[in-house]
Structure formats: structure tokens, C-alpha cells
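Colleague: Supplied in C-alpha cells, the structure appears directly below.
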């Protein structure tokens, strides 16, 4: 029989956000991370409603997967109904990733772009698939994984709790072993820290609370553009009949401290834990395995350094052309439609690319105030595909979106 021997739940607003819209729930055998979105603190409300659904416990009947999914769908209905009651909360939503430890199996329920990872013997496996625009473009072969990581529309999610009365929930189950580390996190971690670096940190010795804090510190050092929430647990085998019940909580730190201060402190006695934190949406492919980066050979590391140097030289050449060769003036006549970091439909001027060194080839031209989550899901990939347009075409498209006059 397996249980969570060590558990940590930490959250941080990041370096560029004043509020924290993430929420988390830790009460063994259930673990949840939610990342809210929407103005006027609506994201914080949405993620909190999602967590409250799990605080009431899971349904008695059904498989672990179906019990998790039932709670997710219940949370979706409550968020949707709440959004109809207040104008300033229209279109609010949240991502959600939930896990249920059932002896040697881990059940998952997932909507959005928060993620679940399994770390075992130096290998990191992604257990969830992002419901995001760039993920769809990667699947269609229109973007590479590297391009998706730097894409201007990487924050657009195609599925969330709240925008619609019904939601499709992805569920799965994986086998787990003693010594495994399970990581649930909001995209404030994964958009700032590469999976290779996450694997390196998870391989470090020490208590999981220390490892969780290292992950958050790494995301903040990289810029901390979003709220960062980490739930981390280490599994161990216990003898049958040792008195540990399904609802025993094995948390090693106080979640209340995490909600108020963005950290968790040591707790002398395990007790049920609920942590509210801040949130947002994000992207990537499922079940992705990464070997521990420390195993890379010297020639491989040299090739990587060469590739990075070459990319920097290419970026410099592009910038020199744009500034000195007249190309810059040409890009001032090009526009594309996407969303900003808040998920709001936005017109950008320039080219839809980010260069190494944080150089953007585009700038914000107009923010509409219309949430992209309200755009029909089957139209988002074609509307937010970075197609270059004239100023008038881009403005007409946004006006059509705002009026809800999208057709086929």
C-alpha cells in the first residue's frame, strides 16, 4: 500500500502580479491545483469555488476517475452560474488538475493548462495534456515545441471551468511506486522553468518542502510573470492495517500560511489542508519523458551552447535588419489578433515572434476588453493563429468577435 509520506503545498504571486488567483487543496488522498482567470478578482473567485467543491469530499460511488470528474463538473456548473450573477465576473474561469492516490495507482482529472508530473529515478513524465491554442497548433504540425514555448498566444487556453455550462474533463490513471515524486503545478512554474530544469531540482536531496520552494524561487529568478503554485508529494510503502485511513492527512506544512504569505511552515501534527492561491492558463504535450539533464555528455552540452550562440547571432541579424534596413517600418503596417496575459482579445502590431534575449517583434496596439474564453472553442484556433492582417482587417475582426457575430 502506498501513501504520501511527505507533502508540500506552496504558492507565490510571482514578481509581476499583485494578486494571487491560484488555489490549491491538499487532503490525502486528494490533491488539487486550480489557476483562475478573469478581471475584478474573478479568477480568484473561480479557483476558490473549484477548491470548495473538493473540500466537500468526493462522491461515494464510482471509480477514482469518475469521482474526481464528478467534482470537476460540479465546480464548473457553480462557477458558470456565479458568473451569470455579476457582470464584472462574466467569462471568469479556472484551470484544474486533481489527483487521487488509490494504493499503487494515481487517478487524474484535468481541464486547462495546469499540469501533473511524475518524477521517477531521474526521469520526468508529464501526465496531463494542456488544453491550449499552441498545443492544438503543435498537434497540427504548425508549431514546434520550441516555437510554442515562446509563442505570443501561449497563454490562450481552449478549455476551462466556468465559461460554459458543461465542460469536458480529461481523466487517466497511472501506476505509481515507492519513492515516486508527484508534482501538480500552475503554469506560473512551467512557463518560466524548463522541464529539464524541473527534473534537476526534483532530483535534489532534501525534504519536499525545500524542493517545492526551490521550484518557486527558480520561476521567480526567470521573471516570475505569473502566480506560481506547487503541490509536491513523495510516495512510500506502508504495511497494510497500520491505521492510516483514506482521509488521513499527511501534510508536513501548514496550508493556511501558504494562503496568507505564499509559503508553508512546518506543522508538528498533520491536519487537513486547504490552500488558496493565484492562477492562470498555459500549454504542452502529454506524457513527455525527459531524462535527467545531468546525464548529458560533454559533446551534447557543447552542441547546445553552439546552438544557443547561433540563435543569438541570428536574432542580432534580424534586429539590425529591422532597425537599419527599412524592415522595421514595414512591420508597422502589419497586425495580428491574439490575447494578452489576462486572456483578453488584443490586436498586436508587428510580427508574432519573440527573439532570444526577450526581444519582441510586436507591440500591443489595442486591448478589446473581451475575454477569449467567450469565443466559441471551435473558432479559436483559426482566429488566434497569428495571421498577419491590415489594421482595418484586424479591427473589423475584433469588432465581429465583440458583437458575437462569428459564423462557421
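In our numbering, the protein residues as written are 211 to 618. We put the CB at the ideal spot given by N, CA and C, even for glycine.
Using the rule of at least 16 other Cβ atoms within 10 Å of the residue's Cβ for burial, across every protein chain shown, is residue 340 buried or exposed?
Modeller: Position 130 of the chain shown holds residue 340. Per the 10 Å Cβ criterion, buried.
Colleague: Would you check if the region 400-415 and the region 342-354 touch, i.e. whether three or more CB-CB distances between them fall below 8 Å?
Modeller: These segments do not touch.
Colleague: Are residue 319 and residue 279 close, meaning C-beta to C-beta below 7 Å?
Modeller: The residue given as residue 319 occupies position 109 in the chain shown. The residue given as residue 279 occupies position 69 in the chain shown. Yes. Within cutoff.
Colleague: Could you tell me the alpha carbon to alpha carbon distance between residue 373 and residue 301, rounded to whole angstroms?
Modeller: Here residue 373 corresponds to residue number 163 of the chain shown, with the count starting at 1. Here residue 301 corresponds to residue number 91 of the chain shown, with the count starting at 1. Approximately 5 Å, taken between the alpha carbons.
Colleague: Should residue 510 be labelled buried (16 or more other beta-carbon atoms within 10 Å of its own) or exposed?
Modeller: Counted from its first residue, the chain shown places residue 510 at position 300. The pLDDT assigned to residue 510 is 43, lower than 50, so where the model puts this residue is not dependable; a value taken from the coordinates is nonetheless given after this. Exposed.
Colleague: For the beta strand (DSSP E) that residue 293 lies in, which residues bound it at each end?
Modeller: Walking along the chain shown from the start, residue 293 turns up at place 83. Unbroken run through residue 293 is the alpha helix (DSSP H), 274-295; no beta strand (DSSP E).
Colleague: What are the boundary residues of the alpha helix (DSSP H) that residue 440 is part of?
Modeller: The residue you call residue 440 lines up with position 230 of the chain shown. Premise fails: residue 440 lies in the beta strand (DSSP E), 438-447, not in any alpha helix (DSSP H).
Colleague: Check whether the Cβ atoms of residue 323 and residue 335 sit closer than 7 Å, and answer yes or no.
Modeller: In the chain shown, residue 323 corresponds to position 113, counting from 1. In the chain shown, residue 335 corresponds to position 125, counting from 1. The answer is no: Cβ separation not under 7 Å.
Colleague: Rank 440, 612, 389 by C-alpha distance to the C-alpha of residue 331 and give the top, closest one.
Modeller: As a first step, residue 331 must be located in the chain shown, where it is residue number 121. Closest option to residue 331, Cα to Cα, is 389.
Colleague: Can you name, in chain order, every residue of its own chain whose Cβ lies under 7 Å from the Cβ of residue 353, other than the five neighbours on each side?
Modeller: The residue you call residue 353 lines up with position 143 of the chain shown. If we look at residue 353 and ignore the five residues flanking it on each side, its Cβ neighbours are 344, 347, 361.
Colleague: Between the Cα of residue 427 and the Cα atoms of 274, 259, 223, which residue gives the shortest distance?
Modeller: Sequence index remark: in the chain shown, residue 427 carries index 217 (1-based). That would be 223, whose Cα lies nearest to the Cα of residue 427.
Colleague: Taking residue 381 as the reference, which of 310, 256, 611, 419 has the closest Cα?
Modeller: Translated into the one-based positions of the chain shown, residue 381 becomes position 171. If we check each option's Cα against that of residue 381, 310 comes out closest.
Colleague: For residue 264, report the span of its alpha helix (DSSP H) as first-last.
Modeller: Here residue 264 corresponds to residue number 54 of the chain shown, with the count starting at 1. Residue 264 -> alpha helix (DSSP H) spans 252-265.
Colleague: Counting beta carbon pairs with one atom in the region 246-261 and one in the region 440-448, are three or more of them shorter than 8 Å?
Modeller: Counting Cβ pairs under 8 Å, fewer than three are found: no touch.
Colleague: Counting contacts by CB-CB distance shorter than 7 Å, is residue 605 in contact with chain C?
Modeller: The chain inventory of the structure shown lacks chain C, comprising one protein chain alone.
Colleague: Express the C-alpha separation of residue 394 and residue 488 in angstroms, rounding to a whole number.
Modeller: Locating residue 488 in the chain shown gives position 278, where the first residue counts as 1. Locating residue 394 in the chain shown gives position 184, where the first residue counts as 1. For residue 488, the predicted model reports a pLDDT of 35, less than 50, meaning its position is unreliable; a value from the coordinates is still stated below. Going by the C-alpha atoms only, they are around 14 Å apart.
Colleague: What are the residues that DSSP puts in a beta bridge with residue 581?
Modeller: One-based indexing of the chain shown puts residue 581 at position 371. Answer by DSSP bridge pairing, in chain order: 554.
Colleague: Under three-state DSSP, which class holds residue 587?
Modeller: On the chain shown, position 377 is the one that residue 587 refers to. It is helical.
Colleague: According to DSSP, residue 573 sits in a beta bridge with which residue or residues?
Modeller: Counting from 1 along the chain shown, the entry for residue 573 is found at position 363. Paired residue(s): 559.
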